[in-house]
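Peer 1: Just so we're on the same page, my numbering is the position in the sequence shown counted from 1, plus 1.
Have a look at this one before I ask anything.
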Amino acid sequence: MIATAYAARYPTRDVVNVDQSLRVGPLPAEIVAAARGEGFASFVRTVFAQLYGELDPALVADIERRRALDQEVFSGFWTPLLDWDADTLAAWSRRTTSLPPDVPYLSLHGTDPGGDYADWLTDRIPGAVAEQTPTRTHYPHLAQPEWFASRVHQFFS
(Lines of atoms letter the chains of each structure in order from A; the text may use other names.)
(Lines give C-alpha, C1' and ligand atoms only; values in the text may rest on other atoms or scores of the structure.)
Protein backbone atom coordinates (compact mmCIF):
# COMPACT_ATOMS: atom_id res chain seq x y z
CA MET A 2 0.00 0.00 0.00
CA ILE A 3 2.93 2.33 0.66
CA ALA A 4 4.01 2.50 -3.00
CA THR A 5 0.44 3.28 -4.02
CA ALA A 6 0.04 5.96 -1.34
CA TYR A 7 3.31 7.54 -2.47
CA ALA A 8 2.16 7.56 -6.10
CA ALA A 9 -1.13 9.17 -5.05
CA ARG A 10 0.75 12.14 -3.59
CA TYR A 11 3.80 12.62 -5.79
CA PRO A 12 4.47 12.50 -9.54
CA THR A 13 5.23 8.90 -10.40
CA ARG A 14 5.98 7.23 -13.70
CA ASP A 15 4.77 3.73 -12.73
CA VAL A 16 3.76 1.74 -9.66
CA VAL A 17 4.68 -1.82 -8.73
CA ASN A 18 2.72 -3.05 -5.73
CA VAL A 19 4.16 -6.23 -4.22
CA ASP A 20 1.65 -8.38 -2.35
CA GLN A 21 -0.25 -5.52 -0.71
CA SER A 22 -4.00 -5.62 -1.20
CA LEU A 23 -5.67 -2.23 -1.33
CA ARG A 24 -8.92 -3.84 -0.25
CA VAL A 25 -8.68 -3.63 3.51
CA GLY A 26 -11.07 -4.16 6.38
CA PRO A 27 -10.98 -4.08 10.16
CA LEU A 28 -9.35 -7.04 11.85
CA PRO A 29 -11.35 -9.35 14.13
CA ALA A 30 -11.25 -8.68 17.88
CA GLU A 31 -9.11 -11.75 18.60
CA ILE A 32 -6.41 -10.50 16.23
CA VAL A 33 -6.55 -7.03 17.80
CA ALA A 34 -6.10 -8.63 21.22
CA ALA A 35 -3.19 -10.78 20.01
CA ALA A 36 -1.45 -7.86 18.31
CA ARG A 37 -1.67 -5.72 21.43
CA GLY A 38 -1.54 -8.31 24.20
CA GLU A 39 0.75 -10.87 25.73
CA GLY A 40 0.22 -13.19 22.76
CA PHE A 41 2.08 -10.84 20.41
CA ALA A 42 5.11 -13.10 19.83
CA SER A 43 2.91 -16.09 19.00
CA PHE A 44 0.71 -13.92 16.78
CA VAL A 45 3.73 -12.67 14.83
CA ARG A 46 5.08 -16.21 14.35
CA THR A 47 1.69 -17.30 12.98
CA VAL A 48 1.39 -14.31 10.64
CA PHE A 49 4.88 -14.74 9.25
CA ALA A 50 4.46 -18.50 8.82
CA GLN A 51 1.49 -17.76 6.57
CA LEU A 52 3.37 -15.04 4.69
CA TYR A 53 6.38 -17.29 4.03
CA GLY A 54 4.20 -19.75 2.14
CA GLU A 55 6.39 -21.61 -0.37
CA LEU A 56 9.49 -19.51 0.28
CA ASP A 57 12.75 -21.48 0.41
CA PRO A 58 13.59 -22.40 4.03
CA ALA A 59 17.04 -20.79 3.71
CA LEU A 60 15.40 -17.48 2.79
CA VAL A 61 12.94 -17.87 5.67
CA ALA A 62 15.85 -18.41 8.06
CA ASP A 63 17.57 -15.29 6.71
CA ILE A 64 14.43 -13.18 7.22
CA GLU A 65 13.98 -14.60 10.72
CA ARG A 66 17.58 -13.68 11.61
CA ARG A 67 17.06 -10.09 10.48
CA ARG A 68 13.53 -9.51 11.74
CA ALA A 69 13.03 -7.49 14.90
CA LEU A 70 9.45 -6.48 15.58
CA ASP A 71 8.63 -4.07 18.34
CA GLN A 72 5.05 -4.56 19.52
CA GLU A 73 4.43 -0.85 19.95
CA VAL A 74 5.72 -0.01 16.47
CA PHE A 75 3.76 -2.88 14.95
CA SER A 76 0.58 -1.84 16.74
CA GLY A 77 1.07 1.76 15.63
CA PHE A 78 1.63 0.76 12.01
CA TRP A 79 -1.50 -1.40 12.03
CA THR A 80 -3.67 1.19 13.85
CA PRO A 81 -6.08 1.61 10.92
CA LEU A 82 -6.71 -2.15 10.77
CA LEU A 83 -6.85 -2.56 14.53
CA ASP A 84 -8.96 0.45 15.54
CA TRP A 85 -11.00 1.85 12.69
CA ASP A 86 -14.47 0.76 11.62
CA ALA A 87 -15.08 -0.53 8.08
CA ASP A 88 -16.42 2.76 6.68
CA THR A 89 -13.59 4.87 8.09
CA LEU A 90 -11.00 2.38 6.88
CA ALA A 91 -12.49 2.17 3.37
CA ALA A 92 -12.64 5.98 3.08
CA TRP A 93 -9.04 6.30 4.27
CA SER A 94 -7.87 3.63 1.84
CA ARG A 95 -9.62 5.28 -1.09
CA ARG A 96 -8.32 8.74 -0.16
CA THR A 97 -4.79 7.48 0.43
CA THR A 98 -4.49 5.40 -2.74
CA SER A 99 -6.37 7.37 -5.42
CA LEU A 100 -4.00 7.62 -8.37
CA PRO A 101 -3.97 9.87 -11.41
CA PRO A 102 -5.57 8.00 -14.34
CA ASP A 103 -2.42 7.79 -16.47
CA VAL A 104 -0.13 5.95 -14.02
CA PRO A 105 0.63 2.34 -15.08
CA TYR A 106 -0.03 0.03 -12.14
CA LEU A 107 1.19 -3.54 -11.66
CA SER A 108 0.02 -5.43 -8.58
CA LEU A 109 1.91 -8.71 -8.10
CA HIS A 110 0.51 -11.01 -5.43
CA GLY A 111 2.25 -14.00 -3.93
CA THR A 112 -0.56 -14.49 -1.43
CA ASP A 113 -4.10 -14.79 -2.70
CA PRO A 114 -5.92 -11.43 -2.61
CA GLY A 115 -9.23 -13.09 -3.54
CA GLY A 116 -10.74 -14.30 -6.80
CA ASP A 117 -12.44 -11.01 -7.61
CA TYR A 118 -9.53 -8.78 -6.61
CA ALA A 119 -8.33 -8.03 -10.16
CA ASP A 120 -11.81 -6.76 -11.11
CA TRP A 121 -12.11 -4.83 -7.85
CA LEU A 122 -8.71 -3.23 -8.43
CA THR A 123 -9.42 -2.19 -12.03
CA ASP A 124 -12.66 -0.59 -10.87
CA ARG A 125 -10.55 1.35 -8.39
CA ILE A 126 -7.52 2.02 -10.62
CA PRO A 127 -8.47 1.87 -14.31
CA GLY A 128 -5.83 0.03 -16.32
CA ALA A 129 -4.32 -1.67 -13.28
CA VAL A 130 -2.97 -5.17 -13.81
CA ALA A 131 -3.20 -7.64 -10.92
CA GLU A 132 -1.43 -10.98 -11.19
CA GLN A 133 -0.68 -13.98 -9.02
CA THR A 134 3.03 -14.80 -8.88
CA PRO A 135 4.20 -18.37 -9.60
CA THR A 136 5.38 -18.96 -6.03
CA ARG A 137 2.89 -18.53 -3.18
CA THR A 138 4.66 -16.22 -0.74
CA HIS A 139 4.57 -12.64 0.50
CA TYR A 140 8.13 -12.39 -0.83
CA PRO A 141 7.87 -13.17 -4.57
CA HIS A 142 10.87 -10.93 -5.28
CA LEU A 143 12.99 -13.21 -3.08
CA ALA A 144 11.42 -16.50 -4.15
CA GLN A 145 12.00 -15.97 -7.87
CA PRO A 146 14.09 -12.82 -8.37
CA GLU A 147 14.76 -13.44 -12.07
CA TRP A 148 11.06 -13.97 -12.83
CA PHE A 149 10.12 -10.97 -10.73
CA ALA A 150 12.61 -8.60 -12.38
CA SER A 151 11.64 -9.88 -15.82
CA ARG A 152 7.92 -9.38 -15.16
CA VAL A 153 8.41 -5.84 -13.88
CA HIS A 154 10.66 -4.99 -16.83
CA GLN A 155 8.15 -6.49 -19.29
CA PHE A 156 5.26 -4.51 -17.81
CA PHE A 157 7.03 -1.18 -18.06
CA SER A 158 8.72 -1.72 -21.43
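All C-beta atoms in this analysis are idealised placements derived from N, C-alpha and C, irrespective of residue type, glycine included.
Owing to the predicted nature of the structure, the values given are computational and were not obtained by experimental measurement.
Would you identify the three-state DSSP class for H110, choosing helix, strand or coil?
Peer 2: Translated into positions along the sequence shown, residue 110 becomes position 109. Of the three classes helix, strand and coil, the one that applies to H110 here is strand, per DSSP.
Peer 1: Go through its chain and collect everything with a Cβ distance to H154's Cβ below 8 Å, but skip five positions before and after it.
Peer 2: The count along the sequence shown starts at 1 and reaches residue 154 at position 153. Cβ within range, chain order: n/a, list empty.
Peer 1: For the beta strand (DSSP E) that contains V130, what are its first and last residues?
Peer 2: Position 129 of the sequence shown, counted from the first residue, corresponds to residue 130. Counting along the chain, the beta strand (DSSP E) containing V130 begins and ends at 130 to 133.
Peer 1: Identify the continuous alpha helix (DSSP H) that holds V45 and give its terminal residues.
Peer 2: For the purposes of this step, residue 45 is identified with residue 44 of the sequence shown, where counting begins at 1. It spans 41 to 53 - the alpha helix (DSSP H) in which V45 sits, taken as one unbroken run.
Peer 1: Taking C-beta to C-beta, are L90 and P27 nearer than 8 Å?
Peer 2: One-based indexing of the sequence shown puts residue 90 at position 89. One-based indexing of the sequence shown puts residue 27 at position 26. Yes, Cβ-Cβ distance for L90 and P27 is below 8 Å.
Peer 1: Report yes if the C-beta distance between L109 and D20 is below 8 Å; otherwise report no.
Peer 2: For the purposes of this step, residue 109 is taken as residue 108 along the sequence shown, with counting starting at 1. For the purposes of this step, residue 20 is taken as residue 19 along the sequence shown, with counting starting at 1. Yes.
Peer 1: When we look at the beta-carbon of S158 and count the other beta-carbons within 10 Å, is it buried (16 or more) or exposed?
Peer 2: Residue 158 sits at position 157 when you count from the first residue of the sequence shown. So S158 counts as exposed.
Peer 1: Should S22 be labelled buried (16 or more other beta-carbon atoms within 10 Å of its own) or exposed?
Peer 2: For the purposes of this step, residue 22 is taken as the residue at position 21 of the sequence shown. Looking at its Cβ environment, which holds 16 or more other Cβ atoms inside 10 Å, S22 is buried.
Peer 1: How about the region 123 to 137 and the region 33 to 48: do they share at least three Cβ pairs that are nearer than 8 Å?
Peer 2: no
Peer 1: If A9 and L100 are in contact, beta carbons under 8 Å, what's the gap, nearest whole angstrom?
Peer 2: Here residue 9 is taken as the residue at index 8 of the sequence shown, counted from 1. Here residue 100 is taken as the residue at index 99 of the sequence shown, counted from 1. The distance from the Cβ of A9 to that of L100 is about 5 Å, consistent with a contact at the 8 Å cut-off.
Peer 1: Taking Cβ to Cβ, would you say T112 is nearer than 8 Å to R152?
Peer 2: Indexing the sequence shown from 1 puts residue 112 at position 111. Indexing the sequence shown from 1 puts residue 152 at position 151. No, these two residues do not count as a Cβ contact at 8 Å.
Peer 1: Which same chain residues end up closer than 7 Å to F41 when comparing Cβ atoms and leaving out the 5 residues on each side of it in sequence?
Peer 2: In the sequence shown, the residue the question calls residue 41 occupies position 40. If we look at F41 and ignore the five residues flanking it on each side, its Cβ neighbours are A35, Q72.
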